[in-house]
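Student: I am attaching a structure below and will ask some questions about it afterwards.
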Amino acid sequence: MARKFNLCLVLVNPLIILLSHCLFLCSLLSHTPLPHLHPNIAQWEEVSGYDENLNTIRTYQVCNVFEPSQNNWLLTTYVDRRNAQRIYVEIRFTVRDCASIPSVLGSCKETFNLYYLEADRTVSESIKGVEYWANAPFLKVDTIAADESFSQVDFGGRLMKVNTEVRGFGPLSKGKGFYLAFQDLGACMSLLAVRVFYKKCPSIVQNFAFFPETLTGAESTSLVISRGICIQNAEEVDVPIKLYCNGDGEWMVPIGSCSCKAGYEPDNGNVCRACPQGTFKSSQGVGLCQQCPLNSRSTIEAATLCGCRNGYYRGDMDKPEDMCTSVPSAPRNVVSEVNQTSVILEWHSPRDTGHREDLSYNVVCRRCHSSERRACQPCDESVLYAPGKEALKTTRVEISRLRAHTSYTFDVQAVNGVSNKSPYPAQQLSINITTNQAAPSEVPIMHQVSSTSRSFSLSWPPPEQPNGIILDYEIRYYDKSSLLNSSVVQSETPNVVLEGLRPGTGYVVQVRARTVAGYGAYSKEMLFQTLTDELGQQLYLTASSLVGGVCVVSLVALAVIFTLRPDMFSGPTPTVTFPTLSEGRSSPGVKIYIDPFTYEDPNEAVREFAKEIDPSCVKIEEVIGSGEFGEVYKGRLKPVGKKEIPVAIKTLKVGYSERQRRDFLAEASIMGQFDQPNIIRLEGVVTKSRPTMIITEFMENGALDSFLRQNDGQFPVIQLVGMLRGIASGMRYLAEMSYVHRDLAARNILVNSNLVCKVSDFGLSRYLEEDTSDPTYTSSLGGKIPVRWTAPEAIAYRKFTSASDVWSYGIVTWEVMSYGERPYWDMSNQDVINAIEQDFRLPAPMDCPVVLHQLMLDCWQKDRNTRPKFSDIVSMLDKMIRNPASLKAGTNNMVPGPSHHPLLDRGAPDLSSVSSVEDWLAALKMTQYRDSFIGSGFTSLPLVTQITAEDLERIGIALAGHQKKILTSVQSMRHHVDDQSPTESV
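Going by mature numbering (1 follows the signal peptide of the UniProt record, and there is no 0), the letters in the sequence shown line up with residues -22 to -1, 1 to 964, in that order.
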């Protein structure tokens, strides 16, 4: 409902009656005739009278109807408008009917005028005289006419036919208040009462939002916006929250709203009340508090969720109003059916499903050496499960590709949506089975060793699951043009020479293995080609001329290696690949790298340094990664008239800009200038069709850092040195071409199937001009810098040289010798910068030879001029390879001088903080063996300290590097335990 607020008003004489209370004391002004009026003309008079209820009142009257040209004024006191922009005046008055007055002249009126004057403060007559009021700029509000007039007065003197009129005026903005004036032009009338007021919308709570009192606008049709504020414990639903106050002081057009927060419910629409104990409300809105679901409770007010009771849980996808549930009991009545190296397991569902419908099963397989549980280890990854081994919805699973004559334990676990919430392991039912005799599995692949026009030689690896001793192999082959006439030969070794073949003919070949259990399945069909007569003759002559020299060199090299390092061939024997010392090097001044960005048209650089490839020759096979500009694929390249080769394909993503295309192809323009065995080889580019592609040779083993982590401890030191020598050789080639890599790291070194390392990723590389004796490239870019691999002068001053690449090479050497460990561990980049500034250098990795760590320290010299050149590094590594005895790990690998630093302790696990087997394995970064240790009974650190190499073999840790790392830690832990408890033995 609208509210009218009265403004205090007293007319010139004090007898006017107000119909409502004044809010402050008003000052009075005495009436003074206006100066332009004739002095003998009577003015308004204050007289006593009666209202319609016979109450005595004081009125202002005027009745000069017998005189011509009347102009009688009545002025109010000053009225403060209190910021109101529109004012309303209610007038109660009577008017005498001119026709009822005898002998009246034509000047008689039945109307009067209402005026107003804006002012800042009360005008005192002592300062402003009559002349001021006569000339004041009064504004007319309206001419007021009576709805009813009277013609006579009754005997009681009561005034008859009282009129009430309301007028509004505005906008008011020129002063803080105003005066009202009444002008009579010849009427016979009385003013009974005048009330001045304004309107405003009252304060209100609507839609859980509070709106304060709001004044109406300047016009009767104005709408004034009022912003709302959510009440206590309410939140906004739609914004903005506002109401409109209209000219009548009424709220209208609500926009936006609030609602009670989670944990609070609405009460009578104006209050958000907290949910009592035992109830909850999980979301904001108009909903009410609900009773806690089954197996849950709330002990506080305003709960948004009821907590589950002990032993009960909610799943990740459960709603707050869902009941709390428990884990299922174990499956029942598991039975098995063994068929050679396969087994079928079936079981009944558990008696108690935990009151959930998302029951599923996991099958855990362990291969056992004896009846003892601790003698079991996880099954091979080659074991197949149908339909799967986790999240099974059926109560049946078929497990195949097991080993023959082997004992297995299978645990069938029942799990549901809250099993991962329980601190206890899933309920399970176990069964022990032993597989039968079985034929060997399929031979995975065959390789062509050599070929002539009449024969070719093949070899193959043994089956992944021989299931016994391989007695021999059967090879079946036939001319691809004659599918019916096949031939079969036998071989006791995994290789064969097929002779009597036709020149230039393709043959389909298959092989299968045989044990006492019979033949296994044939391998997949593979096609091999004999040579034509002409080509075979040429190859024979060429081979004959080379065999003698090659054999002599090979025998000499083997003799040297066996003499210097006879133990090198013990244990795992991966292929050691050393580049020759006469590799393709560019002589200084012969070939210098040209920056493609110096070309006015960068596309010209692509055309000059990169070969354009017909897209029909490229076959994309599978995604192997993603780069800055798009996806990276493995594929095949079949140039016209040449043999198909595997390649890596970088593509430019859709929606690229011209600048992105230029930067993408710039790497091809860079790689196309390099020709060296340890630099990634560019095959060509595709720029004339979509997608734009850069095609390089395919490196089977991927990035060096991940390759080393996957093969931790598997390579002898001399093999690692061979890898480092290849990297240094590639970097020497780049340095001689005045080229700085700027991002040399193990992640940017690629490894092929022969373990040859090649430098790649030229995204941060830049050109160095040889205009001084110390060529330096100063970066003008604000891009990111790989801090852990970057020299201090490059970080501080953006000074990149071949010397800063040497610093990075030292970090790469540390990565290689630590098998892909992260440099500086988990230190922040700023900590690394500060530590290097304080002369801290990385300590030697475990079992790292002293000479290699000294090479790292030489690369990390603070003065870049004292660091070795890449040509010096290649020479050092060649000496190490020729003298394997120098690569024995030293007993003291501590860094001399300033490198004694607290961070040195971070190279080995802190045994003082180890309290469980899980913590210990985490410190060694070997958490993949947790289940093997726990399943084999090594559940506490005292038991772990008794472990032996035979125990590690038995629980399935076969990698020699991992065994050595674990046994070294166990030995340290024994000393640690002895130090903690000198009077007790473990």
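All C-beta atoms in this analysis are idealised placements derived from N, C-alpha and C, irrespective of residue type, glycine included.
Everything numeric in this text was worked out from a predicted model, so none of it was measured.
CA-CA distance, residue 280 and residue 252?
Tutor: Going by the C-alpha atoms only, they are around 5 Å apart.
Student: Judging by CA-CA distance, which residue of 767, 495, 862, 740 is the nearest neighbour of residue 417?
Tutor: Of the listed residues, the one whose Cα sits closest to residue 417 is 495.
Student: Taking the straight line between their C-alpha atoms, what separation do you get for residue 143 and residue 70?
Tutor: Taking the straight line joining both Cα atoms gives about 7 Å.
Student: Would DSSP call residue 855 helix, strand or coil?
Tutor: In the structure shown, residue 855 sits in a helix (DSSP, three-state: H, G or I).
Student: Tell me which same chain residues have a C-beta within less than 7 Å of the C-beta of residue 82, skipping the five on either side of it?
Tutor: Result list for residue 82: 43, 44, 76, in chain order.
Student: State yes or no: is the C-beta of residue 140 within less than 8 Å of the C-beta of residue 192?
Tutor: No; because the gap between Cβ atoms is not below 8 Å, this pair is not in contact.
Student: Could you tell me which whole beta strand (DSSP E) segments of length 3 or greater appear in the region 255 to 340?
Tutor: Counting only runs of 3 or more, we get 310 to 317, 320 to 326.
Student: Nearest to residue 169 by alpha carbon, out of 64, 54, 931, 681?
Tutor: Residue 54 is the option with its Cα nearest to residue 169.
Student: Compute the Euclidean distance between the alpha carbons of residue 768 and residue 910, then round it to the nearest angstrom.
Tutor: For residue 768 and residue 910, the distance between alpha carbons rounds to 40 Å.
Student: Could you give the distance in angstroms between the alpha-carbon of residue 167 and the alpha-carbon of residue 119?
Tutor: Between residue 167 and residue 119, the C-alpha separation is close to 19 Å.
Student: Please report the straight-line C-alpha distance between residue 857 and residue 778, rounded to a whole angstrom.
Tutor: Those two C-alpha atoms are separated by around 29 Å.
Student: Return yes when the Cβ of residue 250 is within less than 8 Å of the Cβ of residue 271, no when it is not.
Tutor: It is not a contact, given that the beta carbons lie outside the stated cut-off.
Student: Taking residue 367 as the reference, give the member of 341, 380, 329, 390 with the closest Cα.
Tutor: Among 341, 380, 329, 390, the Cα nearest to that of residue 367 belongs to 341.
Student: Please state the DSSP three-state secondary structure of residue 947.
Tutor: The answer is helix: DSSP assigns residue 947 an H, G or I state.
Student: So, for residue 315: in the same chain, excluding its five sequence neighbours on each side, which residues have a beta-carbon less than 6 Å away from its beta-carbon?
Tutor: So the qualifying residues of the chain are 322.
Student: So, under 8 Å CB-CB, residue 164 and residue 66 are touching, yes? Tell me the CB distance rounded to an integer number of Å.
Tutor: 27 Å between Cβ atoms; not a contact.
Student: Helix, strand or coil, according to DSSP, for residue 735 in the structure here?
Tutor: Reduced to three states, the DSSP call for residue 735 is strand.
Student: Can you tell me the Cα-Cα spacing of residue 311 and residue 326, whole angstroms?
Tutor: Spanning the two alpha carbons is a distance of roughly 6 Å.
Student: Let me check understanding here. Comparing Cα to Cα, which of 708, 726, 724, 616 lies closest to residue 673?
Tutor: Residue 616 is the option with its Cα nearest to residue 673.
Student: Tell me, please, which residues DSSP counts as bridged to residue 374.
Tutor: In DSSP, residue 374 forms a bridge with 324.
Student: Please look up how many angstroms separate the CB atoms of residue 968 and residue 612, rounded, as I've assumed it's under 8 Å.
Tutor: Because the chain here runs from -22 to 964, residue 968 falls outside it and cannot be looked at.
Student: With a 10 Å radius around its C-beta and 16 neighbouring C-beta atoms as the bar for buried, classify residue 725 as buried or exposed.
Tutor: Buried.
Student: Measuring alpha carbon to alpha carbon, tell me which residue in 774, 90, 776, 901 is nearest residue 804.
Tutor: Looking at the Cα atoms, 901 is the closest of the given residues.
Student: According to the neighbour-count rule (16 or more other Cβ atoms, all chains shown, within 10 Å of its Cβ), is residue 427 buried or exposed?
Tutor: Residue 427 comes out exposed.
Student: Under DSSP, the alpha helix (DSSP H) around residue 488 begins and ends at which residues?
Tutor: Where residue 488 is concerned, there is no enclosing alpha helix (DSSP H), although the beta strand (DSSP E) it sits in stretches over 484 to 493.
Student: Using a Cβ-Cβ cutoff of less than 8 Å, which residues in the same chain neighbour residue 895 once the five nearest sequence positions on both sides are dropped?
Tutor: Excluding positions up to five away in sequence, the list reads 908, 911, 912, 916, 917, 918, 919, 922.
Student: Apart from the five residues on each side of it in sequence, which residues of its chain come closer than 6 Å, Cβ to Cβ, to residue 397?
Tutor: Answer for residue 397: 305, 404, listed in chain order.
Student: So what's residue 797 in DSSP terms, helix, strand or just coil?
Tutor: Three-state DSSP puts residue 797 in coil, outside helix and strand.
Student: Considering only C-alpha positions, which residue in the set 179, 642, 210 is nearest to residue 225?
Tutor: When each option's Cα is compared against that of residue 225, the closest is 179.
Student: Is the beta carbon of residue 802 closer than 8 Å to that of residue 766?
Tutor: Yes, the Cβ-Cβ distance between residue 766 and residue 802 is below 8 Å.
Student: Apart from the five residues on each side of it in sequence, which residues of its chain come closer than 6 Å, Cβ to Cβ, to residue 608?
Tutor: So the qualifying residues of the chain are 629, 630, 631.
Student: For a test of the three-state rule: what should DSSP assign to residue 844, helix, strand or coil?
Tutor: In the structure shown, residue 844 sits in a helix (DSSP, three-state: H, G or I).
Student: Could you check if residue 519 is buried or exposed, using at least 16 other CB atoms within 10 Å of its CB as the buried criterion?
Tutor: Unreliable positioning characterises residue 519 in this predicted model, as indicated by a pLDDT of 39, which lies under 50. A coordinate reading is not provided.
Student: What do you get for residue 419, buried or exposed, if any count of 16 or more other CB atoms within 10 angstroms of its CB means buried?
Tutor: Result: buried.
Student: Would you give the residue range spanned by the alpha helix (DSSP H) that residue 624 belongs to?
Tutor: Careful: residue 624 lies outside any alpha helix (DSSP H), inside the beta strand (DSSP E) at 623 to 629.
Student: On the criterion of 16 or more Cβ atoms from any shown chain inside 10 Å, does residue 32 qualify as buried, or is it exposed?
Tutor: It is exposed - the Cβ of residue 32 has fewer than 16 other Cβ atoms within 10 Å.
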